[in-house]
Every structure is written in C-alpha cells, then in structure tokens.
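> Take this structure, written in structure tokens, and hold onto it; I'll ask about it next.
Residue numbers (the working numbering): 921 to 1440.
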C-alpha cells in the first residue's frame, strides 16, 4: 500500500475562499441585503463578488484583469469593503446556530429595550436569555446579563420588589466567583497546551516547574470547581491533562473516572466540546501508559457516543475524527491485530488531509507518526519513510523536540530494515553530529546512536547477533526506569531489537509474543 503524501489542498484564504465557501442560504442573504443579482450589477464591488462566486476570479491578478483595476490601493479598499459586508452577512446568517453570536444579539436586544424603557419586555428577554447562557456554563456571559438586570432595577421607577434587587446583587457576587474560577482554568488549559506543543512527555525542567505551579494552583481550585457541574468538568479536563504530563497515571485515571460520570449527562457534554475532546484524548493516552488496552477500547466506545454532538461543527468533528482514528490504530497495534491496522490505513489519505486542515501542526505530526509506524510494522518501508519525511518537513516550522528525536531514530530503523547500509551509516553519522551540536543528547538517544554507530563493524565481523544481545541488556534499564520507559510509548524499540535477535520480522515477533502474553 502506497502512502499518498501530496500536501492536501487547503481551503483558499482571503476573500476568495470566503466567498466561494458561502452556502446557498448565505449567498441569497447577502444578495438580498445589498440588492444585487447577476442581472443587476451596479458597481465594482458587485462585480468582484460575482466574479469570485462564479469562479472567474481566483486570485488578485484575475480580479484586477476582470475589473480593469490597475491601482493597488483602490483594489485593496474594494476587497476590504467586500470582506466586511460578507462577514456581516455570514455572522447574521449563523446567529441561530452559534452560541456566541446568539449571546451578543441577546445583549443588544436587552440594551435596546432598556433604552426604550420597555421594562416588561426586558424582563422577559432577560429571563429567556439568562437560562440559555446558564445552561452553557458561560459564567462571564451570565455576569454581563446580571449587570443589565442591575441596570433594569436602577431604571425602573417602582422598586417594590426589594428581594429581587438583593437576589441580583447576590447573584453578581456568586457568578463573579464562578467566572474567575472558569477563567483561571482556561488560562491553565492554554499553558498546558503550549507545553504539549513542545513535547508530550519528558518535559524540560522549566516546563516541569511551570506544571508544578499549576498543580499547586489547581489544589486551591478543587473545592470551588465542585460548585457547578460545568466548572467541575472543566477542572477535571485540566487536572487530568496535568497529571498525565507529570506522569501520575493513577491520579489521572481517578480524575478521568469522575469525568466519565459527569460526561454521561449528554446536555453537559454537548456544551463543553473542548473539555470533552481533551478528556477523551487524555483518557486514551493514559490507558496506554497504564498498559490497559481494554480500558482504552472502553473509553473509545464511551467518548464515541458523544461524537454525535460534533457532527455539525467542522472543527470539533475533524478533531474527533482524527483522535478516534489514532486511538483505534494504537489499539490494533497493542492487540497485534495487523489486519485491522491495514484496514485502518485505507483511511489515511482522508485522515492526513483532515489533520493538516484542522489540527495544529504539533498534533497532526503525532498522527502521521502513528501512520508511519503502521507502515513500518506492515513492512511497507517505502511508505513509512515517505510519511516520516512529511513529518520532518512539518517539524521544521516548530522544532518539537520529541518529534525531532523520534524522526531521527526511526529513520535509521527504516534504513536497517531496507538493508540500505550506506544510507544507514551516513544518516547515523549526520544525526549524531546534529544532536551533539545541539548539546541536547539525552541518554536514550545517545545509547541508540551509539548502537547504530557501531553497527558497521559488527556487520563486517559477523558478530551482529551478539552485539544486539548485549545492547538489549542496556535497554532493560530503560524499560524498568519510571521516566526512561516512556520512550517506549513512541515505539517499542526493545521488541524491534528482539525481533532482529531472533531473525524474524518485527510483525512476526510481535504476533508470536502476543500469543504468549495476550494484549501486551
């Protein structure tokens, strides 16, 4: 099976992609709002819109030729005005399905009613809208509405209901606390995402110190987060992710168990897609770290029941699609179900396209790494290398260190299996000097580089088997070390070397091992 690594066609940027991507409803709304049709084009702005819509103009060069514009400033102003009107139309059309837009419209309605001193309607609008944002757990929005409710009390001439005024004041105080807790959790979630963007595990000392600070802060937020289910779910999202990064897999498991109970409430899960997707991803990786493959499958089934809530949202739907694929692929590997691995790889072109369009680079590289490893295990080394080269190219942009180390080492494994000795020897020397020059040679990579560096001499002497056996003894210390063993979460280097020692393909060795120790 050949891997297609041609970079997927990304949606056009700028005004061209915006207009060409409009639905029929959005197109009709825009045309009606500015009173244009293909039969009645009044000005250059209308002409530009129709030229893009009818795919006659796909670039600035095309558009200028069609409109007969040579002045760059004039064309820039024209594009900017059209972009503004298109965005206004898109936002208005999507107001019914986008909570944030609904909220802003609700605020505007209340403000209009207060300006008109129509207090009866204002109370009714407030009641309906507050119930909506409260169900979303949007406490900052709740505060905005409560402040308008306070203004309503101040504007009303007849303040007979003193209890209502006091309740509003108490609610403002309560929801201020909720909003502060929510914002703190959001800040910590973003910090952890930034740490993950640089490396998944084995954090640098500075990153670990930052993670420890977050851990201390979360202990203080634990009790506060229990005051609402929304806050608790968001707290568990951050706390479980942090516990995984700190390699406290048992504590992470405990929090994930609590999260599953909360997420069983479909209404709660539906309005917390960010937290749900992060919890799902953390639960899969934590199950793998605990070597509990059956639990990983159970969690995949459970969180998959929530995926129906993402189907109408392109971003969240794409993330779930990629996460689910990656998890299913890892489970198939752990169970040595290589026919399932081959079956899943049939989706790879679609998954790679989705990952590159919707997923941040640092996360999409992880997905591609799983695909490369899968081809490697199936002995399709050409496809494994093509995917790996794609990862290397992507990583040039962000230099994520764990990906850098993985690609350097894994490329050597591919050359070994291909028996491409010259490429292996030159790549080993280049990789060694590269890491040495960075002065970041970690002990695991150092040992592996030393192994490959000494390979040529043992191949010539015919002592390769003895050399591998001795090196496996060194790897034993890594397998039993609580920190160093995490390297084997990327790829099982130990079993790969065992397969070479026994003179068989890696897949064959894993299948044989599985028959002796199922699911390990």
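Ideal Cβ placement from N, Cα and C applies to all residues, glycine included.
Remember, predicted model here, so these are calculated numbers, not experimental data.
(1) I'd like to know whether the C-beta atoms of residue 936 and residue 979 end up nearer to each other than 8 Å.
(2) If distances are taken between C-alpha atoms only, which option among 1186, 1209, 1234 and 1436 comes closest to residue 1225?
(3) Excluding the 5 residues preceding and the 5 following residue 1222 in the sequence, name in chain order all residues of the same chain whose CB lies nearer than 7 Å to its CB.
(4) Could you name the residues of the same chain whose beta carbon sits closer than 7 Å to that of residue 1164, not counting the 5 residues immediately before and after it, in chain order?
(5) Count Cβ pairs between the segment 1363-1376 and the segment 1317-1335 that sit closer than 8 Å; are there 3 or more?
(6) As a quick exercise: from 1042, 1017 and 1018, pick the residue whose alpha carbon is nearest that of residue 1028.
(7) Please check the pair residue 968 and residue 992, which I expect to be a contact at CB under 8 Å, by giving their CB distance rounded to whole angstroms.
(8) Starting from the Cα of residue 1284, find the closest Cα among 1155, 1071 and 1242 and give me that residue.
(9) Take the Cβ of residue 1305 as the centre, count every other Cβ of all protein chains shown within 10 Å, and call the residue buried at 16 or more, exposed below.
(10) Which word fits residue 975, buried or exposed, when buried means at least 16 other C-beta atoms lie within 10 angstroms of its C-beta?
(11) If I follow the unbroken alpha helix (DSSP H) through residue 1284, where does it start and stop?
(12) Which same chain residues end up closer than 7 Å to residue 1256 when comparing Cβ atoms and leaving out the 5 residues on each side of it in sequence?
(13) Let's test the definition: count the other Cβ atoms within 10 Å of the Cβ of residue 1350 and tell me whether it reaches 16, buried, or not, exposed.
(14) Within its chain, find whatever has a CB closer than 8 Å to the CB of residue 927; leave out the 5 residues flanking it on each side and keep chain order.
(15) Quick test of your reading: residue 1311 and residue 1292, contact by CB under 8 Å. State the CB separation rounded to the nearest angstrom.
(16) Which residue marks the beginning of the alpha helix (DSSP H) containing residue 1408, and which one marks its end?
(17) Just verifying my parser: in three-state terms, what is the DSSP assignment at residue 1191?
(18) Kindly indicate which three-state DSSP category residue 1167 falls into: helix, strand or coil?
(19) What residue range does the alpha helix (DSSP H) around residue 1353 cover?
(20) Quick one: using the 10 Å Cβ neighbour count with 16 as the cut-off for buried, is residue 1082 buried or exposed?
(21) What does the alpha-carbon distance come out to for the pair residue 1068 and residue 1061?
(22) By how many angstroms is the C-alpha of residue 1151 removed from the C-alpha of residue 1022?
(23) Using three-state DSSP, classify residue 1098 as helix, strand or coil.
(24) Answer yes or no: do residue 1095 and residue 1059 have a C-beta to C-beta separation smaller than 8 Å?
(25) Hey, would you say residue 1208 sits closer than 8 Å to residue 1250, going by beta carbons?
(26) Of all the options 1269, 1098, 1066 and 1145, which has the alpha carbon lying nearest to the alpha carbon of residue 1051?
(27) So what's residue 1301 in DSSP terms, helix, strand or just coil?
(28) Helix, strand or coil: which one does DSSP assign to residue 1155?
(29) Going by DSSP in three states, residue 947 sits in which element: helix, strand or coil?
(30) Are there 16 or more other CB atoms within 10 angstroms of the CB of residue 1386, so buried, or fewer, so exposed?
(31) Alpha carbon to alpha carbon, how far is residue 1424 from residue 1123?
In short:
(1) Using a Cβ distance threshold of 8 Å, residue 936 and residue 979 count as a contacting pair.
(2) Distances from the CA of residue 1225 to each of 1186, 1209, 1234 and 1436 were compared; the closest alpha carbon is that of 1186.
(3) Taken in chain order, the residues that qualify are 1180.
(4) So the list reads 1172, 1202, 1205 and 1206, once near-sequence residues are dropped.
(5) Cβ pair count under 8 Å is three or more, so yes.
(6) Checked all of 1042, 1017 and 1018; the closest Cα to residue 1028 is 1042.
(7) No, residue 968 and residue 992 are not in contact; Cβ-Cβ is about 15 Å, not under 8 Å.
(8) Relative to residue 1284, the option among 1155, 1071 and 1242 whose CA is nearest is 1242.
(9) Around the Cβ of residue 1305, a 10 Å sphere holds 16 or more other Cβ atoms; the residue is buried.
(10) Its Cβ having fewer than 16 others within 10 Å, residue 975 is exposed.
(11) Residue 1284 -> alpha helix (DSSP H) spans 1281-1297.
(12) Annotation for residue 1256: 1430, 1431 and 1434 place their beta carbon closer than 7 Å to its own, counting only its chain and skipping 5 residues before and after.
(13) Residue 1350 comes out exposed.
(14) Because the pLDDT of residue 927 is 39, which lies under 50, any placement of that residue in the model is unreliable, and the number read from its coordinates should be weighed accordingly. Cβ within range, chain order: 1276.
(15) That pair is a contact at about 7 Å.
(16) Run containing residue 1408: none; DSSP gives neither H nor E here.
(17) Reduced to three states, the DSSP call for residue 1191 is coil.
(18) Of the three classes helix, strand and coil, the one that applies to residue 1167 here is coil, per DSSP.
(19) Judged by DSSP secondary structure, residue 1353 falls within the alpha helix (DSSP H) whose first and last residues are 1341-1358.
(20) Residue 1082 should be labelled exposed.
(21) Their backbone Cα atoms lie some 11 Å apart in a straight line.
(22) Residue 1022 and residue 1151: Cα-Cα distance of roughly 22 Å.
(23) Residue 1098 falls in the helix class under three-state DSSP.
(24) Their beta carbons are under 8 Å apart, which means residue 1095 touches residue 1059 by this criterion.
(25) Between residue 1208 and residue 1250, the C-beta spacing is below 8 Å.
(26) If you compare the alpha carbons of 1269, 1098, 1066 and 1145 with that of residue 1051, the shortest gap goes to 1066.
(27) Of the three classes helix, strand and coil, the one that applies to residue 1301 here is helix, per DSSP.
(28) Helix.
(29) DSSP places residue 947 within a helical segment (H, G or I) once states are collapsed to three.
(30) Burial call: exposed.
(31) If you take the alpha carbons of residue 1424 and residue 1123, they lie about 35 Å apart.
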